[in-house]
Amino acid sequence: MRSFILGIIVTIVVAFVAIYSMNCAVCHGTLDYKPSMLQHSMYPPPPQIILEALDDPEWHLYYAIRTGVRYTGMPAWNKALSEQDIWKVTAFLSRLEKLPPAVQEKWKKVYGTSPESHQGKEHEQHGAHEHHD
Ligand code: HEC
Numbered sequence: 000m001r002s003f004i005l006g007i008i009v010t011i012v013v014a015f016v017a018i019y020s021m022n023c024a025v026c027h028g029t030l031d032y033k034p035s036m037l038q039h040s041m042y043p044p045p046p047q048i049i050l051e052a053l054d055d056p057e058w059h060l061y062y063a064i065r066t067g068v069r070y071t072g073m074p075a076w077n078k079a080l081s082e083q084d085i086w087k088v089t090a091f092l093s094r095l096e097k098l099p100p101a102v103q104e105k106w107k108k109v110y111g112t113s114p115e116s117h118q119g120k121e122h123e124q125h126g127a128h129e130h131h132d
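Residue numbers (numbering that gives the first Met the number 0): 0 to 132.
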């Protein structure tokens, strides 16, 4: 049972990494915790959502990803990604700080760092995460 659940988790992680790296990292920062090079190239700036985990409710993230954010650089992904893929990215992003140890380890192995290593540090960074609600 444990390895079955772990298998599911790994599948989601692999999917997330692929979807995120290809579509989101260019604006929202890479999985090795580097801010996006376009961070200051649009207004409002794209929040660096790996560096500073989002604390919005899951439905909010899902909605923002699906429909985009009007008058900003945030595209609507509902015509580019499948419903399942949007959910995978949403689920992962909203649990960035609560990922199971196995996932943290894998992340660390691949990227040399992981969300766990960054916990508590986010407030030291001068982030570009602004809310416009
Ligand atoms: C071309 C740049 C760009 C790309 C590519 C992009 N985004 Fe965004 N995103 C933005 C900007 C700019 C904002 C800020 C909008 C605002 O100020 O409300 C944003 C906002 C968001 C938010 C809302 C954050 C919040 O606090 O409400 C989420 C979630 C998000 N993006 C996820 C994604 C995901 C997932 C992808 C990839 C599938 C992605 N973005 C791709 C530019 C981008």
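Note that CB positions come from ideal geometry on N, CA and C, so glycine has one too.
Assuming M21 is part of the alpha helix (DSSP H), what are its boundary residues?
That run of the alpha helix (DSSP H) goes R1 to N22.
Beta-carbon contacts of E72 that lie in its chain and below 7 Å, excluding the five residues immediately before and after
Before going on, a small fix: residue 72 reads as Gly here, not Glu. Around G72: C26, M41 and P45.
Please state whether DSSP places Q47 in a helix, a strand or coil.
Q47: coil per DSSP, three-state reduction.
Heavy atom of ligand 1 within 8 Å of L30 beta-carbon:
No, the Cβ of L30 stays beyond 8 Å of every heavy atom of ligand 1.
With a threshold of 8 Å, establish whether the CB of T66 neighbours any heavy atom of ligand 1.
Annotation for T66 indicates a beta carbon at 8 Å or more from all heavy atoms of ligand 1.
In whole angstroms, what separates the C-alpha of D55 from that of S2?
Counting only the Cα atoms, S2 lies some 31 Å from D55.
Is it true that the CB of A75 sits closer than 9 Å to the CB of T89?
For T89 and A75, no; Cβs fall outside 9 Å.
Tell me whether I8 counts as near ligand 1, meaning its Cβ is closer than 8 Å to at least one heavy atom of that ligand.
Every heavy atom of ligand 1 is 8 Å or more from the Cβ of I8, so no.
Does the beta-carbon distance from K107 to S116 come in below 9 Å?
In contact: K107 and S116 (Cβ atoms closer than 9 Å).
Could you tell me the alpha carbon to alpha carbon distance between H125 and M0, rounded to whole angstroms?
The predicted position of H125 is uncertain, since its pLDDT is 49 and thus under 50; no value can be drawn from it.
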